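Encoded as structure tokens, the structure appears first; notes follow it.
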Amino acid sequence: MTQPCTTCPGKSYIAAGFVKWVEAAGARAVPIRFYATDQELARLFKSINGLIFPGGLTWLWLDAPYVITARKIFNMAVKANLNGDIFPIWGTCLGFQLLHILPSNVSRNVLLVETDSVSHATTLELNHDADSSRMFGGLASDLKKKLPDSSYNLTIENHEYGLLPDMYHRYPVLSEWYTVLSTTKDRNGTEYISSMEGKKYPFFGTQWHPEKPPYEFGIPEIPHTLDAIRVSQHTANVFVDIARYSAHRPESHEEEMNMVIYGTPPTFVARDMVTEEDNYDGPDIAYYFDPQEKPPSGPDDGPEDIAELRNFGLHAEYKNKLRTYIL
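Each residue of the sequence shown is one higher than the last, beginning at 1 in full-length UniProt numbering.
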């Protein structure tokens, strides 16, 4: 699903790393605009075999358009799986957090805490449930040993907020939905949940970024070792292999050709710097959708301006300035 962008040459975007990640496992990507109509969402849902909530930089307010649309598709997926219609969801980083917000209905500023985890190559401390999980059960034994080992640091974290393990006790609905598979510590020693999967439904979440090691080079800390690539490939295979069991199909070949992302040219953002951010640290390559007028660049005195910025989603340059207004 696309995300809002305040500084991009389009109303929304998808980082190309997620597209390549599913392609590496034999799938194709279809963009779902976060501002799609209910009719369009229903049509697309019948035509696709799985959903990714990607990482990014939009606020996850319960009343934000992005979250409202995500909830609609999430509910469709739950209903489908209940009826035996297999439909997996994968959430990465921001998407991982979103997968916790949707069933708990708890605001992000209550559910999440600040962590020092931006550009952090680190480990996964796999727990006893990981061995029997769909996410890690089939992972090569040598990688299971290397993931918790700080001499390898096979995963990349890139987030400012995390979910503490205690939240699964404070909000039991989370334990009803998901099984925690791993935790990770930030640079200050704060332990947060880094991997989970659904108990009843084929839903998966990683606070870390499996798509970055093979396809992103803008952050020097991203590991590009063979083992890091193997972990990335394994996760893509897990997700796409379950999607193969979905019976959803486009109604026609023409619809299929119009759905896939290849009709939109990718932009080499790291080279062309098409965004308006001074210190860009986003994806190397991105797909932008639906050019728009420039959104507001900061809060004015009135609440309408703040609400409008909230709806667009906030990037790092606005975050500290707006914290006192909307948190």
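Ideal placement from N, C-alpha and C gives every residue a C-beta, glycine not left out. Fair warning: this is a prediction, and the values are worked out from it, not measured in the lab.
| query | Does the beta-carbon of Q97 have 16 or more other beta-carbons within 10 angstroms, so that it is buried, or is it exposed? | reply | The residue in question, Q97, is buried, as its Cβ has 16 or more Cβ neighbours within 10 Å.
| query | Cβ of V94 within 7 Å of Cβ of G56? | reply | Note that residue 94 corresponds to Leu in the displayed sequence, not to Val. Taking 7 Å as the Cβ cut-off, L94 and G56 qualify as a contacting pair.
| In three-state DSSP terms, what is I68? | Secondary structure of I68 (DSSP, three-state): helix.
| In this structure, does DSSP put T4 in helix, strand or coil? | Note on residue identity: the sequence assigns Pro, not Thr, to residue 4. For P4, the secondary structure class from DSSP, reduced to helix, strand or coil, is strand.
| W90 to I48 span [Cα, whole Å] | C-alpha separation (whole angstroms): 14 Å.
| query | Can you tell me whether DSSP reads N105 as helix, strand or coil? | reply | Collapsing the DSSP output to three states places N105 in coil.
| said: Could you check whether V240 and A25 sit closer than 7 Å to each other, using their CB atoms as the reference points? | reply: The answer is yes: Cβ separation under 7 Å.
| field | Own chain partners of F268 with C-beta closer than 8 Å, once the 5 adjacent residues on each side are dropped | value | Closer than 8 Å at Cβ, skipping near neighbours: D284, I285.
| query | Hey, is the region 134-151 in contact with the region 71-80, meaning 3+ C-beta pairs nearer than 8 Å? | reply | Too few Cβ pairs lie closer than 8 Å, so no.
| Would V113 pass as a contact of L164 if the rule is Cβ separation under 7 Å? | With a cutoff of 7 Å on beta-carbon distance, V113 and L164 are scored as near each other.
| message | For A15, list the residues DSSP reports as bridge partners. | response | DSSP output for A15 lists A286 as bridge partner(s).
| request: Indicate whether the contact test is met: 3 or more Cβ pairs, each with one atom in the region 255-272 and one in the region 58-74, closer than 8 Å. | output: At 8 Å Cβ cutoff, the stretches do not touch.
| Ordered along the chain, which non-local residues of its own chain (more than five positions away) have a Cβ less than 6 Å from that of A121? | For A121, where only same-chain residues beyond five positions count, the Cβ hits under 6 Å are N153, I156, E221, P223.
| query | Counting Cβ pairs closer than 8 Å, one from the region 116-132 and one from the region 181-193, do we hit at least three? | reply | Counting Cβ pairs under 8 Å, three or more are found: they touch.
| message | Can you tell me where the beta strand (DSSP E) holding L181 begins and where it ends? | response | Counted as a single uninterrupted DSSP element, the beta strand (DSSP E) harbouring L181 occupies residues 178-185.
| Measuring CB to CB, does residue 343 end up less than 7 Å from Y178? | There is no way to answer for residue 343, as the model of the chain reaches only from 1 to 327.
| field | Distance between Y201 and S150 (C-alpha atoms, nearest Å) | value | Spanning the alpha carbons of S150 and Y201 requires a straight line of approximately 32 Å.
| task | Using the DSSP secondary-structure output, state which residues sit across from residue 333 in a beta bridge. | result | What the structure shows of the chain is the stretch from 1 to 327, and residue 333 is not part of that stretch, so it cannot be assessed.
| query | Rounded to the nearest angstrom, how far is the Cβ of F204 from that of S12, given a contact under 8 Å? | reply | Going by Cβ atoms, the distance from F204 to S12 rounds to 23 Å, so no, they are not a contact pair.
| Simplified DSSP assignment, three categories, for M76 | In this structure, DSSP gives M76 a helical state, which the three-state scheme calls helix.
| field | Check whether P210 and T235 have beta carbons under 7 Å apart | value | Closer than 7 Å, so yes.
| request: Would you check if the distance between the CB atom of T115 and the CB atom of Y192 is smaller than 7 Å? | output: It is a contact, given that the beta carbons lie within the stated cut-off.
| Bridge partner(s) assigned by DSSP for I229 | For I229, DSSP records no beta bridge to any residue.
| request: Using a Cβ-Cβ cut-off of 7 Å, state whether T155 counts as contacting chain B. | output: Protein chain content of the structure displayed is limited to a single chain, and chain B is not contained in it.
| Classification of V173 by the beta-carbon crowding that lies within 10 angstroms, buried from 16 upward | Residue burial annotation: V173 is exposed, with fewer than 16 other C-beta atoms found within 10 angstroms of its C-beta.
| task | Find the nearest neighbour of G198 within the set E254, D129, V231, judged by alpha-carbon distance. | result | Per the C-alpha coordinates, the member of E254, D129, V231 positioned closest to G198 is D129.
| Helix, strand or coil: how does DSSP classify L57 here? | DSSP places L57 in coil when its eight states are reduced to three.
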